[in-house]
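One line per chain: the protein sequences are A and D, in this order.
No gaps in the numbering here: position 271 of the first sequence is 271 in the numbering used here, and each next residue is one more.
No gaps in the numbering here: position 98 of the second sequence is 1098 in the numbering used here, and each next residue is one more.
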Amino acid sequence: MIVKKILDVVGDLRITFWLLVATVALCVTGGLVASKNYVLINSLNSMRIQDWLLTQGVSNFGKSWWVFALLFVLLLLGVNTVACACSRILALLPKRKSMGWRAFSVTITPSLIHILFLVALAGHLVSSAFSTQVKFPLARGSEYELPGGTRVTVADIRTDYYPETSYMKNRIKEVTAILDIQESEGSSQASVSYGIPLSIRGWNLRLDMKKKRGNYQETAAADEVARSEKLLKKTEETCNKAHMYHVQPKVDRAPEEFLLAQYDPGFRYVMGAIVLIIIMMIWYFPQAQRNHA
Amino acid sequence: MNVHGIHILLYAAAALCALSGVCVFFKSRKPAYALLCAGVLAHTAYQAGRGWLSGVFIPNGMFEGVFLLPLAVALLALAHQSYGERRPDWDSVTYLAIAFMAFALYYPHGIIPPTPQKISIWAAFFFLFEVPAHACFFAGGWLALRALMKLEGGNDFHPLLVWGFVFYSLAQFTGAVWCYQGWSVPFSWGARHLNSAAIWFTYAAYLHLRFLKGWDMRRKAWFAVAASLIVLCLSFASYLHEMNFERIGG
Chain A
1 MIVKKILDVV GDLRITFWLL VATVALCVTG GLVASKNYVL INSLNSMRIQ
51 DWLLTQGVSN FGKSWWVFAL LFVLLLLGVN TVACACSRIL ALLPKRKSMG
101 WRAFSVTITP SLIHILFLVA LAGHLVSSAF STQVKFPLAR GSEYELPGGT
151 RVTVADIRTD YYPETSYMKN RIKEVTAILD IQESEGSSQA SVSYGIPLSI
201 RGWNLRLDMK KKRGNYQETA AADEVARSEK LLKKTEETCN KAHMYHVQPK
251 VDRAPEEFLL AQYDPGFRYV MGAIVLIIIM MIWYFPQAQR NHA
Chain D
1001 MNVHGIHILL YAAAALCALS GVCVFFKSRK PAYALLCAGV LAHTAYQAGR
1051 GWLSGVFIPN GMFEGVFLLP LAVALLALAH QSYGERRPDW DSVTYLAIAF
1101 MAFALYYPHG IIPPTPQKIS IWAAFFFLFE VPAHACFFAG GWLALRALMK
1151 LEGGNDFHPL LVWGFVFYSL AQFTGAVWCY QGWSVPFSWG ARHLNSAAIW
1201 FTYAAYLHLR FLKGWDMRRK AWFAVAASLI VLCLSFASYL HEMNFERIGG
């Protein structure tokens, strides 16, 4: 009885509602802060969240307080969701025979969706806290060793441009790196491009860009370079990588591309849970609407 | 190479949509329906044509939110008039399509040259789900506002918000796959993703209202209106920001 009482109090739907409202407010605040402080907030994507909070977060608390608050509110929302789902499932289970299978499955679906929401949330936490990212400059002939002992050699780099007859002429369409991969079982060859990442033993290999290769010819006049430098300064705090990628001249900008290896243990849980949530919602809402009518 | 002529189709679609709005105002339902159908056809052809704006086929242009949104809203109105109960309050959704169309006419028509990471089938799927979700949210908010003003309608807005949420969840899934493929993370800490999360949590909160005491239809309608204003602010802030980006093809 005490457990039930605790679950009812902690899992109260009024608390759920206000936690959701708080989450919205913090996400909107975060969006505003991120749009003004792109470099700081974007650095969260390449660092483990606990490391970021203890370094960047603490030293820039005026701009990062909402991340702390958001994590705290999401933690509370997680606890509230566990309590709410458990309380409802415990109440419904004894009624499953009297309700009939169909009515029972419709009634219990929202609780299952909530549990899957928790799995997705936990997956995000695992991704944020335990992901590992290693970045190598991409150059022909370079050799890298991934954690785990796999050796990767860049055999070739191919750059495809859009046709000369189009408005996209001189712009990069795709970059493909041909990799020689040496593992304990033997060696093989594979390619990685911006559009198609490569998966090796749980590591996701993809190309990344930092300083952007331009669409201008190397013969770009000095004033073009100056204009570009000015643009770079202007866009330093912007998320428009595409802009920088296309306007920056090729000159004096090597290395520009990276091979990025990432291990993300939470990704499969996030995606699996979201897929199941969507399937359940598509099944549940028409049933609920019919029952309501 | 002259691909800019394709924009004439957008102006034609806008004119047909506006004429349909005039017919709705004078309660001539059949001509309004026929004109909206013609407008939707012209706009669909325009969206397809946007794929070739750069002189080479790039699908991203076909799915740009600003241009797809009025089409999605008009399609919603048409779908209801074709298969629904043909209630007059739904005709007024055409006004919403006209408003979004006016913004699309004002907006730069070209496409932002995409980096290789942005050319992905998952990007197309993302926008194909996100824009109809926005259309459902806006149409739901609009119907809720009319219900509050006691012009017409009842809780017609509720199913729109529910299906908008489903579409939006699909957009979050496809967006996460696209993000993982291109940037190695399913959620990127940045304004765009945080705003998407804000919208998703807003409608998650809405779905919980029916279990709360004191939230009658009228209060839920107010929430639907406020939620659609949140979507409007967040999505249009992003569109306005992107107006400054380099564009080609118009």
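Cβ coordinates follow ideal geometry from the N, Cα and C atoms, glycine included.
Predicted, not measured: the structure shown is a model, and the values here were computed from it.
**Q.** Exposed unless 16 or more other CB atoms sit within 10 angstroms - verdict on N170(A)
**A.** exposed
Q: Can you grab the Cα-Cα spacing for the pair K286(A) / L116(A), in whole Å?
A: Here residue 286(A) is Pro; the residue named in the question, Lys, does not match the sequence. Roughly 20 Å separates the two Cα atoms.
Q.
What would DSSP say about W283(A), mapped onto helix, strand or coil?
A. helix
(Q) 9 Å is my cut-off, CB to CB: does G1005(D) come that close to chain A? (A) no
Q) Alpha carbon to alpha carbon, what distance is there between G1061(D) and Q1047(D)? A) 8 Å
Q: Give me the Cα-Cα distance between A139(A) and H124(A), rounded to the nearest whole angstrom.
A: 33 Å
Q: Using a Cβ-Cβ cut-off of less than 7 Å, list which residues of the stretch 1100 to 1115 of chain D approach chain A; keep chain order.
A: I1112, P1113, P1114, T1115
Q: Take A34(A) and list the residues in its own chain whose beta-carbon comes closer than 6 Å to its own, dropping the five residues that flank it on each side.
A: I41
**Q.** is_contact[C86(A), chain D] using C-beta, thresh 9 Å
**A.** no
**Q.** Alpha carbon of L1207(D) to alpha carbon of A122(A), nearest angstrom
**A.** 22 Å
Q. Secondary structure at A220(A), three-state DSSP: helix, strand or coil?
A. Bear in mind that a pLDDT of 36 at A220(A), under 50, signals an unreliable position, so the number given afterwards is only what the model happens to contain. Three-state result, A220(A): coil.
Q | Contact set between G57(A) and chain D, taken where Cβ atoms lie within less than 8 Å | A | Per Cβ cutoff of 8 Å: no residues; G57(A) is ~12 Å from chain D at best.
Q.
Contact defined as beta carbons within less than 8 Å: I believe F17(A) pairs with A1226(D). What is the distance between those atoms, to the nearest angstrom?
A. Not quite, the Cβ-Cβ distance comes to about 14 Å (not below 8 Å), so this is no contact.
Q | Interface flag, P1159(D) vs chain A, CB-CB below 9 Å | A | yes
Q. Of the choices I200(A), S193(A), L198(A), whose alpha-carbon is the least far from that of M209(A)?
A. S193(A)
Q) Using a C-beta to C-beta distance shorter than 7 Å, which residues of chain D count as neighbours of Q287(A)? A) Residues of chain D passing the Cβ test: none, with the nearest at roughly 12 Å.
(Q) Could you check whether the Cβ of E69(A) sits closer than 9 Å to any Cβ belonging to chain D? (A) Before going on, a small fix: residue 69(A) reads as Ala here, not Glu. For A69(A), the answer is no, since every Cβ of chain D falls outside 9 Å of its Cβ.
**Q.** Contacting positions in the stretch 25 to 57 of chain A - beta carbon closer than 7 Å to chain D
**A.** C27, V28, G30, G31, A34, S35, I41, N42, L44, N45
**Q.** Which residues DSSP lists as bridging S187(A), in chain order
**A.** Q182(A)
Q. Thinking just about the alpha-carbon of each residue, which of R1087(D), A1045(D), D1091(D) is nearest to the one in L1071(D)?
A. A1045(D)
Q. If we call anything under 9 Å between Cβ atoms a contact, is I172(A) one with V1166(D)?
A. no
Q) When you check each C-beta in the stretch 1169 to 1190 of chain D against every C-beta of chain A, which residues fall closer than 8 Å? A) S1169, L1170, Q1172, F1173, A1176, V1177, Y1180, Q1181, G1182, W1183, S1184, V1185, P1186, F1187, S1188, W1189, G1190
(Q) For S127(A), which residues in the same chain have their Cβ closer than 8 Å to its Cβ, ignoring the five residues on either side in sequence? (A) D264, P265, G266, F267, V270
Q. Where does W1215(D) sit, in a helix, a strand or coil, going by DSSP?
A. coil
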